[in-house]
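In the working numbering, the protein residues as written are 815 to 970. All remarks here apply to the structure that follows.
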Amino acid sequence: MQRAYARLLVTLVVAGALSCLAGLLFTQIIAGVPCWGEGLACNIDQAVGAYAVLIYAVLGPIIFAVTLGIAQNRRALAGATIVLLAPLVVFFFISSIESWRYVGFDGYSEWRKFLVTFMPPILTVLVQSLVLRVVTGHGHNVPDPPRSTVEQLSQK
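Right under this line is the structure:
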């Protein structure tokens, strides 16, 4: 059972590291997309996306670890993925509505903002989820949560 916990811990660390690398690499690739308009706003959007990748690279494995501690199935992982993605989607729509209201709709700048601000953390969460789905797939044993001393005494 300790091997299963060690395997899960290593997988969570690897998922966090891979997702961070994927998110930051995507940020660097998309940074090459030309920015029309104010350059400072584009740089701020890129910084927000990079910081979100770092936050989700740490927060994601913690949420997934808690989820696997409670339920060891893919449906629980999908729920945790939705919980991690929901704030990003809501924040994107709120910021887009605010921008459309005060500045007007500009399709290219909104698309670029989505790619540099929101796509890297979304990619980070999806990479973590996919790595953990492979590990918790059918036939793989995920450790049961530790039993309380009351349960252990009742079995004796």
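We put the CB at the ideal spot given by N, CA and C, even for glycine.
*Quick one: which unbroken beta strand (DSSP E) runs of 3-plus residues sit fully inside the segment 877–947? Chain order, please.*
none
*How long is the line joining the alpha carbons of G846 and W925, rounded to whole angstroms?*
Start at 1 with the first residue of the sequence shown, and residue 846 comes out as number 32. Start at 1 with the first residue of the sequence shown, and residue 925 comes out as number 111. Roughly 14 Å between the two C-alpha positions.
_So for A845, helix, strand or coil by DSSP?_
In the sequence shown, the residue the question calls residue 845 occupies position 31. DSSP places A845 in coil when its eight states are reduced to three.
*Just to confirm, are L899 and R947 a CB contact at a threshold of 8 Å?*
As a position in the sequence shown, residue 899 is number 85, starting the count at 1. As a position in the sequence shown, residue 947 is number 133, starting the count at 1. For L899 and R947, no; Cβs fall outside 8 Å.
*With 8 Å as the threshold, decide whether the Cβ of C834 is near any Cβ in chain D.*
Among the protein chains of the structure shown there is no chain D, as only one such chain exists.
_C-beta contact flag for T938 and Y870 at 8 Å_ = Taking the sequence shown and counting its residues from 1, the one referred to as residue 938 is at position 124. Taking the sequence shown and counting its residues from 1, the one referred to as residue 870 is at position 56. Yes, they are a contact pair.
*Note down, in chain order, each residue of its chain lying with its Cβ closer than 7 Å to the Cβ of S943, except the 5 sequence neighbours on either side.*
Walking along the sequence shown from the start, residue 943 turns up at place 129. For S943, where only same-chain residues beyond five positions count, the Cβ hits under 7 Å are L891 and T895.
_Short of 8 Å in beta carbon distance, which residues of its chain neighbour V945, apart from the five on each side in sequence? Order them along the chain._
The residue given as residue 945 occupies position 131 in the sequence shown. Within the same chain, V945 has close Cβ partners T825, V828, A829, L832 and S833.
*asked:* Please classify V904 as buried or exposed, where buried requires at least 16 other C-beta atoms within 10 Å of its C-beta.
replied: For the purposes of this step, residue 904 is taken as residue 90 along the sequence shown, with counting starting at 1. Label assigned to V904: exposed.
*Around the Cβ of G874, are there at least 16 other Cβ atoms within 10 angstroms (buried) or fewer (exposed)?*
By one-based count along the sequence shown, residue 874 stands at place 60. G874 should be labelled buried.
*Same chain, Cβ closer than 6 Å to C849, neighbours up to 5 away in sequence not counted*: By one-based count along the sequence shown, residue 849 stands at place 35. The residues are C856.
_Nonlocal neighbours in the same chain, by C-beta distance under 8 Å from A820, ignoring five residues either side_ = Here residue 820 refers to the residue found at position 6 when the sequence shown is read from its first residue. Answer for A820: no residue qualifies.
*May I have the straight-line CA-CA distance separating A818 from V949, to the nearest angstrom?*
In the sequence shown, the residue the question calls residue 818 occupies position 4. In the sequence shown, the residue the question calls residue 949 occupies position 135. Roughly 11 Å between the two C-alpha positions.
*Give me the Cα-Cα distance between P935 and G837, rounded to the nearest whole angstrom.*
Position 121 of the sequence shown, counted from the first residue, corresponds to residue 935. Position 23 of the sequence shown, counted from the first residue, corresponds to residue 837. Distance between the alpha carbons of P935 and G837 is about 6 Å.
*Could you check the C-alpha separation between T991 and Q842 for me, to the nearest Å?*
For residue 991 there is no data in the structure shown, the boundaries of the chain being 815 and 970.
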